[in-house]
Amino acid sequence: MRQVMRPGVLIPVGLVIVLVMGMGLYLFQPWRLFTNVEVREAAPTSVSDLGSQAPEPSAPMPPTASATGGDEASSPSPTPIDAEPVVLATGSLISHEHETTGEVTILKLPDGTRVLRFEGLQTSDGPDLKVWLSDQPVIDGVDGWGVFDDGKYASLGDLKGNIGDQNYVIPADVDLDDFSAVSIWCERFAVSFGAAELRT
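Going from the sequence shown to this note's numbering is simple: count from 1 and add 661.
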């Protein structure tokens, strides 16, 4: 004779199933495979083009006495700066866990601010996506999916959108000589959606 589960058992089992399903949906967010976030930002020519992303201005240096002992403040000779952005590095994105294409450029603006720029980016939407600089090699195929947290990396923040042209300010304390690649990195699952080798 078949046994029927009592209501006192069915309710806890049902709650466990609902909790497991809810946790799975929260972690994997499978609907994002079918959504897109498009962001179109113009290529910056000066720090004012970055809007809210612009780095905080540094505090002005206090005036110093002149070498002759006078009260006049000595003003250092102005350092010449480039009138236009300078390209420091470029790269082309390759696919890792998700099909990814687009171009990467690192620009140095006239005031010295460095910006990583995606142009023509196309990848999948996903949870907890970041833009990382990494010292790890860009490896094609499955072997390259998880290498970017094996060494030194610097996060430039959340990926703004999975489609478009986008700018990411590189903090002043990041030494670009330490990094050779950029990855669109899913921090939740420690996997690269796509990456590019940076060439100077």
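Quick reminder that beta carbons are idealized off the backbone N, C-alpha and C, glycines included. All figures in this text were calculated on a predicted structure; none of them were measured in a lab.
Contact check for alanine 857 against leucine 777 fails: the beta carbons are separated by 8 Å or more.
Approximately 7 Å separates the beta-carbon atoms of threonine 761 and glutamine 783; this is inside 8 Å, confirming the contact. For glutamine 797, the secondary structure class from DSSP, reduced to helix, strand or coil, is coil. With contacts defined as CB atoms closer than 8 Å, leucine 770 and proline 746 qualify as a contacting pair. Residue state for phenylalanine 779 is assigned as strand, using DSSP reduced to three classes. Distance check between threonine 706 and each of Thr774, Val799, Ser841 places Thr774 closest, using alpha-carbon atoms only. Per the coordinates, the alpha-carbon of leucine 794 lies some 13 Å from the alpha-carbon of glutamate 848. Apart from sequence neighbours up to five positions away, the residues of its chain that approach valine 835 with a beta-carbon distance below 6 Å are Ala815, ordered along the chain. Taking 8 Å as the cut-off, the Cβ atoms of glutamate 702 and glutamine 827 count as close. CA-to-CA, the gap between leucine 820 and lysine 791 works out to about 5 Å. Residue state for aspartate 839 is assigned as helix, using DSSP reduced to three classes. The Cβ-Cβ distance between serine 841 and tryptophan 806 does not fall below 8 Å. Only residues of its own chain outside the window of five on either side were considered, and among them Gly855 have a CB closer than 6 Å to the CB of serine 756, listed in chain order. The beta carbon of glycine 818 sits closer than 8 Å to those of Lys791, Val792, Tyr829, all from its chain and outside the five residues before and after it, given in chain order. Per DSSP, asparagine 828 is one residue of the beta strand (DSSP E) stretching across 824–831.
If you compare the alpha carbons of Pro832, Ile800, Asn823 with that of proline 716, the shortest gap goes to Pro832. Residue burial is scored here from C-beta neighbours: alanine 750 has at least 16 other C-beta atoms within 10 angstroms and is therefore classed as buried. For a cut-off of 8 Å, the C-beta gap from glycine 787 to valine 843 is around 17 Å, too long to register as a contact.
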